[in-house]
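Working notes, beginning with the structure itself.
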Amino acid sequence: MSEVVWSPGWREQQINKLRLQSGEQKWDLIVIGGGITGAGVFREATRRGLKVLLIDQKDFAWGTSSRSSKMVHGGLRYLGSGQFGLTLDSVKERQRLLQEAPGLVDPLNFLMGHYKGGFPGPFIFNILLTIYDWMAGKRNHKFIKRAVKDFFAPGMKSDKLKGATQFADAVTDDARLVLRVLHEAKNEGGVALNYLSAQDTIRKDGRVVGVTVKDELEGSCFDIFANAVINASGAWTDELRASLGADAVIRPLRGSHLIVPSWRLPAAYSVSFFHPKDKRPVFAFPWEGVTVIGTTDLDHQQSMRKDASITQEEVDYLIDAVNQQFPGAHIAESDVIASYSGVRPVVGTGSLNPSSEKREHSIWDDHGLISVAGGKLTTFRLIALDVLKAANDYLPDHDIDSDDAAIFKGSSVLEPELKDQSVFTAQQLRRLNGRYGRDAESIINHALDGELSPLETTETLLAELRWALENEIVVHLDDLLLRRTRLGLLLKEGGEAILERVKPLCQSILCWSDARWNTEVSNYRQLIQTCYGLPKQRDRGDAL
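Numbering (the numbering used here), first residue to last: 1 to 544.
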């Protein structure tokens, strides 16, 4: 069975099976939400032998977990605001992920400039970083003289610069991190389905015993039963809890980013600085061959039923910030390859300043509906353990412990005999191994002629698209280009130039007709323009 899980047609077969067995089959847990929090719960539960079903109303990692700042970090700014416990947990989990998933979670050096009369000065910053490094168990920071900084961040503002501090954190491909965790769980017997939404809870004697679900592709509804239901739906957490009379607790905060070509804003390190207007931290960092500029932090007042998108005010805010820090760059909207916006599921406390809200996670037990929100991508494993402990009373045959077992299992692709291994550098093999684990070897060995060369300016192989279509439950074109791969973010116009190379793969593997392909392309172009482009482009499109 493991060989056909997530293959084309498997989703429909599994949903038919669930529908036919409705009322007969009972799960230990149903996890609602296929982002990093839900994936973490799914992974930790299946590893402990629980029978688990994970569902998502859209695609896996569709929400914030594919639109984060890509950072796996200890949260230096949280340390600065006194959140010592959160920082310590984050640093330890960052170190674990760096060790377990090289090529997926990689070290990233940061650079913070120190300017005359500015904050923080090198002395204060050194104290913070000394504590930060102590948490990690190794020294990772040093002071860099002013004359050396152009080697790491060409064009960085020099006026009144006294020097800079280099320190270390980590970066990831957030969507692939979610997919890798989901793969680990499904390999242990878990079932994960996308485009299957939770419509309502099912209650018996005052307790939640299941959910009514809807197949978002063909519209049918049916019931699924479980000992407990985990609500890990992120910014949508309040929606399911409302059916039980619970008060709203989520303050959705939007974080928007711009992506520009690396040649327009070259940086070997992530450059951290403060916005000249409101003194919020902003960064520009290298990722997947481009440079990401972010982030904003403001109340999200757009519809939660639609993909979040950047506003013109946010575009201006980020461009103003980067041009102030890199005065010779002259970044303009015409330089932007893509934008993206994620909505953080922050538990609101009433703070006037969105950035002052705490980022720790919270858990609520509404009579068998265990809801979780808040927290950071870095600490998803610890959040999952807390959620399972909260559900322990509903799982009489299982005792949830806090063991330190590995999240990921996998063998290196550097050792086996591989077809065409000579065409890869060690770094390319490391990247494939990190993103796909044990499946990396299969991707290479089953590639057809011409599929092992990178697409356009990216490191992504056509073989990766083939493998995703065959093994990762792709339903729509945006699943493939925005989450299974990141080509929609890395290439202009969402990868318009490569669509003709993608078409035969989708038609041969997913059996899409010309009409289906044309519909998918039309919807994808509209999505890119509306939610991954710039507002002025969006307005021009609306006017046509």
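Where is the CB? At the ideal position from N, CA and C, for every residue including glycine.
Residues bridged to residue i (per DSSP)
i: C221; result: K214
i: K26; result: F225
i: T425; result: T425 pairs with nothing; no bridge assigned.
i: F274; result: P281
i: S256; result: S341
i: I363; result: V372
i: H114; result: G163
i: N109; result: A168
i: F143; result: T165
i: T291; result: V260, P286
i: T311; result: Note: T311 sits in no beta bridge, so no partner.
i: L461; result: P454
i: S197; result: K214
Own chain partners of residue i with C-beta closer than 6 Å, once the 5 adjacent residues on each side are dropped
i: W512; result: C506
i: A175; result: A61, S66, R483
i: V72; result: R94, L97, V105, A170, T172, T378
i: D335; result: V260, R264
i: P252; result: A235, H300, V343
i: K214; result: S197, Q199, C221
i: N392; result: I400
i: G494; result: G488, I528
i: S69; result: G294, T295
i: L491; result: E456
i: P286; result: A267
Spatial neighbours of residue i in its chain, beta-carbon cut-off 8 Å, leaving aside the 5 residues before and after
i: Q428; result: E459
i: L128; result: L76, L79, G80, P120
i: A468; result: V474, L480, R484, T485
i: Y217; result: One point to set straight first is that residue 217 is Leu, not Tyr, in the sequence displayed. Cβ within range, chain order: Y195, V475.
i: P416; result: Residue confidence is low: P416 scores 47 on pLDDT, short of 50, so the model does not pin down where it sits. Its coordinate-derived value is still stated next. E441, listed in sequence order.
i: R538; result: S309, Q529, T530
i: L544; result: Legend: pLDDT at L544 = 47, less than 50; position of this residue unreliable, no value from coordinates given.
i: I509; result: P8, R466, L469, E470
i: A329; result: G155, R264, L265, V322, N323
C-alpha gap between residue i and residue j, whole angstroms
i: L79; j: D89; result: 11 Å
i: D28; j: P396; result: 10 Å
i: A192; j: V208; result: 21 Å
i: S339; j: V502; result: 22 Å
i: D238; j: H300; result: 15 Å
i: Q99; j: E464; result: 24 Å
i: M135; j: G74; result: 9 Å
i: Q83; j: K358; result: 8 Å
i: V271; j: P154; result: 10 Å
i: Y394; j: E44; result: 16 Å
i: V5; j: L177; result: 19 Å
i: N445; j: I363; result: 44 Å
i: S7; j: Q13; result: 11 Å
i: Y532; j: G488; result: 9 Å
i: F326; j: D150; result: 11 Å
i: G137; j: G85; result: 16 Å
i: L477; j: V521; result: 7 Å
i: K204; j: L369; result: 12 Å
i: C545; j: G350; result: One cannot answer for residue 545 here, as it falls past the ends of the chain, which runs 1 to 544.
i: A426; j: L432; result: 10 Å
i: N187; j: F408; result: 11 Å
i: Q526; j: T87; result: 40 Å
i: R139; j: V91; result: 13 Å
i: I319; j: L448; result: 42 Å
i: G210; j: W10; result: 23 Å
i: Y436; j: G206; result: 43 Å
Cut-off 7 Å between Cβ atoms - residues of its own chain near residue i, not counting five sequence neighbours on either side
i: G121; result: H114
i: G40; result: V181, F380, R381, I383, A384
i: E365; result: Correcting the residue identity first, residue 365 is Asp in this sequence and not Glu. Contacts found: A390.
i: D133; result: R139, N140, H141
Integer-rounded CB distance, given that residue j should sit under 8 Å from residue i
i: K536; j: F225; result: Not confirmed; about 50 Å, so no contact.
i: A332; j: H275; result: The pair is not a contact, with the Cβ atoms about 18 Å apart (cut-off 8 Å).
i: G434; j: P102; result: 6 Å
i: T291; j: S309; result: 20 Å between Cβ atoms; not a contact.
i: Q166; j: N109; result: 6 Å
i: S355; j: R280; result: 6 Å
i: R48; j: H398; result: 6 Å
i: I250; j: D223; result: Not quite, the Cβ-Cβ distance comes to about 26 Å (not below 8 Å), so this is no contact.
i: E451; j: L461; result: 6 Å
CB contact below 8 Å: residue i versus chain B
i: R180; result: The chain labelled as chain B is not found in the depicted structure, where only one protein chain is given.
TODO: Check whether the segment 228-236 touches the segment 31-40, counting contact only when three or more Cβ pairs, one atom from each stretch, lie closer than 8 Å.
DONE: Contact between the segment 228-236 and the segment 31-40 is present: 3 or more CB-CB pairs across the two stretches fall below 8 Å.
Open item on the list: Does the contact criterion of 3 or more C-beta pairs under 8 Å hold for the segment 148-168 versus the segment 110-129?
Closed with: yes
Open item on the list: Using a Cβ distance threshold of 8 Å, determine whether the segment 8-21 contacts the segment 371-380, with at least three qualifying pairs required.
Closed with: no
Open item on the list: I'd like to know if the segment 52-61 and the segment 239-246 are in contact, where contact means that at least 3 CB-CB pairs between them fall below 8 Å.
Closed with: no
- [ ] Would you check if the segment 254-261 and the segment 313-331 touch, i.e. whether three or more CB-CB distances between them fall below 8 Å?
- [x] yes
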